[in-house]
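Written out below as structure tokens is the structure these notes cover.
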Amino acid sequence: MTITANQREILEHTAYRAAGGFCCGDSDDMQELVRLGLMESAGRKSFVPDEYFKLTALGRESLKTPVEKATERLARTGSHRDLRRLNKAKRNAR
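If you want this note's numbering, it's the 1-based position in the sequence shown plus 1.
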């Protein structure tokens, strides 16, 4: 699954800057994100003609860096293998 820079910007805007985590506006990029399962419809408001969208759990997960993912996994499992994964992700992030 590959997303474009514009689609990534829609995800980041919804996660970090959109009021209440809802993004307003329908486009081809938005429909592709919905089709991929990264966004879902959140309904409409009577005063706005376009539909609102919100991130799914998969959409939120896609925004995490490898270091964040490895840190969460290590916190859950506490295994030596996950500690090695975290250290590798940190080295690759430099």
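Heads up, the beta-carbon is just placed ideally off N, CA and C, and yes, glycines get one too.
Query: Burial state of Gly60, where buried means 16 or more other Cβ atoms lie within 10 Å; Result: buried
Query: Contact test: Ala6 Cβ vs the ligand ATP heavy atom, cutoff 8 Å; Result: As for the ligand ATP, it is missing from this structure, which has no ligand bound.
Query: Cα-Cα separation between Asp51 and Leu37, rounded to whole angstroms; Result: 20 Å
Query: Same chain, Cβ closer than 8 Å to Pro67, neighbours up to 5 away in sequence not counted; Result: Ala90, Asn93, Ala94
Query: Nonlocal neighbours in the same chain, by C-beta distance under 8 Å from Tyr53, ignoring five residues either side; Result: Phe23, Cys24, Cys25, Ser42, Ala43, Gly44, Arg45, Lys46
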